[in-house]
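Here the structure is laid out as structure tokens; the discussion comes afterwards.
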Amino acid sequence: MVTSAPVKLGRARIEQLTGIESKRLNERTPKSGQMFERARHSMVNGFPSSYQVRA
């Protein structure tokens, strides 16, 4: 059995990683971004359900 200690990340590192991953997602899914921009004009936050909102 392999166990490991939890990794501690500071707020700055979490923000950095979130930014990196958000950029990767946007680069990999440009059509989704275009559809989101279109939906923003007809749906609250651009989504049919509030749990789908992406920061």
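The C-terminal residue of the sequence shown carries number 182 in our numbering, and the numbering is unbroken. For each residue, glycine too, the CB sits at the ideal point set by N, CA and C. Computed from a predicted model, the values in this text were never measured in an experiment.
Exercise for the section: Would you kindly work out how many angstroms separate the C-alpha atoms of residue 148 and residue 162, rounded to a whole number? Expected result: 20 Å
Problem - residue 132 - containing alpha helix (DSSP H), residue span - result: That residue, residue 132, is in no alpha helix (DSSP H); it is neither H nor E in DSSP.
Exercise for the section: Express the C-alpha separation of residue 136 and residue 174 in angstroms, rounding to a whole number. Expected result: 31 Å
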